[in-house]
Structures are given as structure tokens and as C-alpha cells.
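Engineer: Pasting a structure here, questions to come.
In UniProt numbering, the protein residues as written are 1 to 291.
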């Protein structure tokens with residue numbers, strides 16, 4: 001990534017539509033509920049998302065969410081996102097997503113994606129994937145990620161997926177309590193852990209874990225900055241200023257809206273460049289010389 005020519009790096013964007021596989025309409029009721037909750041039904045293709053970011057000179061990290069065992073829905077191929085990142089390496093990085101229920105087979109896939117596809121990190125969503133992050137079931141995949149010193153993004157806090165559905169679509173919010181990442185941070189010290197989103201209703205737990213464990217970061221995706229809890233802004237301005245990251249959750253929130261509200265949310269001018277880009281450069285190893 002040619003980060004010197006970018007104004008910001010968005011570490012949290014979603015691949016919504018595959019151009020390799022036909023659309024899988026199984027479980028579409030989750031889409032409809034999410035549309036209602038987020039008041040948005042934007043689902044751009046990967047190419048459309050890249051064009052949007054290129055026009056704005058914003059770098060992006062993109063991933064899908066593999067929840068095949070819990071939701072029974074075919075994932076967008078990790079390889080498709082990795083190919084797009086290789087084709088747009090000046091401004092895009094690919095993260096992979098592997099359902100933790102795949103265990104050792106998932107670990108084999110993680111190693112292949114790192115070695116052959118060039119993925120630079122991984123994404124987990126405990127609520128949608130149906131597991132506690134500290135569950136030893138996921139350890140084989142974590143061990144690969146830790147070995148290669150890769151970053152991971154974990155969804156934390158409330159989930160818009162399933163909101164308003166009967167029984168919440170059977171999805172358990174408790175899986176995404178950020179305190180569950182404390183054990184993971186201890187056992188995998190070379191894996192950089194990014195807690196995604198303001199972690200409502202567990203914001204203080206997230207701040208505690210990040211303050212205590214130096215391999216834990218927070219991305220600010222999924223909310224407009226004007227709604228951030230005051231303690232999150234306080235810590236971003238002080239103790240955690242080097243481990244807070246710009247993320248939008250595109251296409252649910254656009255970087256245009258996020259960055260406009262960010263200017264007025266109480267962040268100190270001296271910490272804003274790090275949040276927008278500098279911290280992501282370090283997390284992704286973009287400041288390291290190429291081997």
C-alpha cells in the first residue's frame with residue numbers, strides 16, 4: 001500500500017457482493033432485518049467499493065464474514081478479495097475470514113491464504129459465528145495467525161445482524177463481550193487484536209482490556225463519531241491514542257459521513273492523524289521495509 005499518497009486508511013470495510021459466485025439467497029431474512037436496523041440497503045460490488053475509495057484517496061482493509069456453520073450461508077471467497085487487493089495493492093489490503101468451527105482445516109486454510117494469496121490479517125465475528133473468542137476450538141486458527149504475527153479484527157458489542165428478528169435470529173450478543181478477548185490476548189501475544197466498534201454496552205470493558213494488553217487495539221467503525229461514548233473519546237485522546245483506528249463499516253456507514261463527524265467529536269488535533277492513518281500504518285506493518 002502506497003500509504004504516503006493516501007489521506008486515511010479505513011481498516012473496516014465489508015465485501016458485500018461476489019462476482020465469482022452466484023448470490024446465495026439462503027438466510028436473506030438476516031439481510032432484510034439488517035437493512036431495517038441500519039436504514040440502508042447498499043450492497044456494492046467489490047469493484048464498486050474500491051472505485052469509491054480510490055476516488056477519495058482513502059486506503060481500505062476489506063473482508064467477508066465466514067459464518068457458514070451458524071447461518072448456513074455460503075461466504076464470499078477469501079480468494080476473490082485477495083485478488084482484488086493484489087490488483088489494487090497501492091490502496092487496498094485483504095483480510096480473510098474463516099469460521100472457527102473449521103478447526104484444523106481452518107488453520108490449513110489460514111496458512112494457505114497467507115502464503116499463496118497474500119492476505120494480511122483476519123476477521124472474526126463471534127456473535128454471527130456462534131462462539132466465545134476464548135473457545136479452544138478456535139486455537140488452531142489463532143496459532144497460525146500468531147505464528148505469522150498477523151492482526152485480527154473481532155466484532156465486539158451489540159450486533160445489528162439479527163436485530164428485530166424473532167429471538168434475534170438466534171444470535172447471542174454475549175459472545176461479543178470484549179472481555180472474552182482478554183484470554184486470547186494473553187495466549188497469543190504476537191497476534192494484534194483489534195476490537196471493532198464502540199463496544200456497546202461493554203465500552204468500559206473494551207477500554208480496560210486495551211489499556212491492560214498492549215497487543216489490543218480499537219477501531220471506531222459502525223457508529224458516527226458524534227455518538228461515541230465520552231470515555232472512548234477520552235481514552236483515544238490519551239492512554240490509547242496510538243492504538244485507536246479509523247474504520248467506517250462501509251457500506252453501512254460511509255467514510256464521507258464518518259470523517260465529517262470525526263472533525264466535531266472532540267478528538268484532539270494532535271491525535272487525529274494517527275487515528276486516521278498513522279496507527280493503521282503500524283498495525284499493518286506498512287512502515288516495515290519489504291523483505
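The beta-carbon is built from N, C-alpha and C at its ideal position, and this holds for glycine as well.
Spell out the partners DSSP gives residue 59 in its beta bridges.
Structural biologist: According to DSSP, which records beta bridges pairwise, residue 59 is partnered with 9.
Engineer: Per DSSP, which one or two residues make a beta bridge with residue 152?
Structural biologist: Per DSSP, 122, 193.
Engineer: Is the CB-CB distance between residue 65 and residue 125 below 9 angstroms?
Structural biologist: Yes; because the gap between Cβ atoms is below 9 angstroms, this pair is in contact.
Engineer: Any idea what DSSP makes of residue 51, helix, strand or coil?
Structural biologist: Of the three classes helix, strand and coil, the one that applies to residue 51 here is helix, per DSSP.
Engineer: So, with DSSP's three-state summary, where would you put residue 292?
Structural biologist: Nothing can be reported for residue 292, as the shown portion of the chain is limited to 1 through 291.
Engineer: Work out the CA separation of residue 135 and residue 172 for me, nearest whole Å.
Structural biologist: Straight-line Cα distance between these residues: approximately 15 angstroms.
Engineer: What separation, rounded to the nearest whole angstrom, lies between the Cα atoms of residue 174 and residue 70?
Structural biologist: Their Cα atoms are separated by approximately 15 angstroms.
Engineer: Mind listing, in chain order, the continuous alpha helix (DSSP H) runs of no fewer than 4 residues lying wholly within the stretch 226-285?
Structural biologist: Within the stretch 226-285, the complete alpha helix (DSSP H) runs of at least 4 residues are 230-237, 255-262, 279-283.
Engineer: At what residues does the beta strand (DSSP E) containing residue 218 begin and finish?
Structural biologist: 216-219 is the extent of the beta strand (DSSP E) around residue 218.
Engineer: Using the rule of at least 16 other Cβ atoms within 10 Å of the residue's Cβ for burial, across every protein chain shown, is residue 55 buried or exposed?
Structural biologist: Per the 10 Å Cβ criterion, exposed.
Engineer: Quick one: residues in its chain with C-beta nearer than 8 angstroms to the C-beta of residue 141, no 5 flanking neighbours on either side, listed in chain order?
Structural biologist: These residues qualify, in order along the chain: 98, 100, 102, 103, 106, 107, 110, 122.
Engineer: Going by beta-carbon coordinates alone, are residue 9 and residue 281 separated by less than 9 angstroms?
Structural biologist: Result yes, Cβ atoms of residue 9 and residue 281 sit closer than 9 angstroms.
Engineer: Can you tell me whether residue 20 is buried or exposed? The criterion is at least 16 other CB atoms within 10 Å of its CB, across all chains shown.
Structural biologist: With fewer than 16 other Cβ atoms within 10 Å, it is exposed.
Engineer: DSSP three-state call for residue 147: helix, strand or coil?
Structural biologist: DSSP places residue 147 in helix when its eight states are reduced to three.
Engineer: Report all residues from its chain with a CB closer than 7 angstroms to the CB of residue 203; omit the five preceding and five following residues, and keep chain order.
Structural biologist: The answer, listed in chain order, is 229, 231, 232.
Engineer: Nearest CA to the CA of residue 285: which residue from 240, 149, 238, 187?
Structural biologist: Among 240, 149, 238, 187, the Cα nearest to that of residue 285 belongs to 149.
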